[in-house]
Each structure stands twice: as C-alpha cells, then as structure tokens.
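Worksheet for the structure shown next.
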Amino acid sequence: MALKEIRQAIETRLATWAATKSIPVGWENVAEEFDTSHIRFFLFPASTQDPSMGAIHRRYRGLARIQYFSDQVGTGAKAVEEIGEELVALFPRGTQLVNGDFNILLERTPSQSGIQMESNYCYVVVEFPYRCDTIHN
C-alpha cells in the first residue's frame, strides 16, 4: 500500500509543475505517444526494510526518475539543461511530501545527467532517492 501513496505524492508535485510549463507527462503503465517535448516518470522501489523490533516499523526506499525529452534537437544544451535544473530544484534535499498518513522524505539532492539522445529527442535524466517510514503498534 505504501508504494501507491509514495507514487501519488511525487506524481502530484511533478504534475503540478509540468502543468505550469504545459509539458505533458507520460506516467508508468499509461500508453502515450508523444510528438513534442514531454516528461516520463518512473519509480524504482527497493527492498522494504524492518529497522525496529517490537512495533511494526517499515521503511520504504527507492529511486524516482524523471526524464525530460526535448524535441529541440540540434539547438544546444542550454534549454534542456535548464529544465533539468528546474526539476532538481522541484525536489530539493529535505523535502517532505505528505500523502495521508505517509510522510515521504527526500534525503539527497537530485542528480542530473548529461544530455543523451533517443530517436528524435534529446533528453536529460533527474533522479532522487526517497524514504518513507511507517510505524504501527
């Protein structure tokens, strides 16, 4: 159940930002065909941890990946890197995203890749780890 809440918290923040930029987002397991600049989002959960004895304490960790695909191939790095920098700034270290009883912590500053090419797009990847602890008696 925690994965759903973690995903929703991160996706909500990303979707709100993308809407202000009029950038469509391709979510996981949603068939989308894009012919313009867009974002793709992925969540890679790691193994759930049980860090405490006694209470039911679960620690959910993983990696969120955002790829910004630009259709402005051949125009230089500046515009693509600037969007990457905005995405890094959108998920700063120490951010806490709340969804119901779930508090998702972003423990590290996101990493931004160099520009890569795929088909008719150039793209940049922004990744950041997340953590969510839940404790129940």
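Per the working numbering, the sequence shown runs over residues 11 to 147. Idealized CB from N, CA, C, for every residue including glycine.
Beta-carbon proximity of V108 to S123, cut-off 8 Å: no
Same chain, Cβ closer than 8 Å to Q128, neighbours up to 5 away in sequence not counted: Per the sequence presented here, residue 128 reads as Glu, with Gln not at that position. Counting only Cβ-Cβ distances below 8 Å, and skipping sequence neighbours, we find F79.
Reduced DSSP secondary structure (H/G/I, E/B, other) of G94: helix
The alpha helix (DSSP H) enclosing E15, as first and last residue numbers: 12-31
Nonlocal neighbours in the same chain, by C-beta distance under 6 Å from L115, ignoring five residues either side: The answer, listed in chain order, is Q106, R141.
Beta-carbon contacts of I118 that lie in its chain and below 8 Å, excluding the five residues immediately before and after: Here residue 118 is Arg; the residue named in the question, Ile, does not match the sequence. Spatial neighbours of R118 in its own chain (CB-CB distance under 8 Å, excluding positions within 5 residues in sequence) are listed in chain order as R103, F138, P139.
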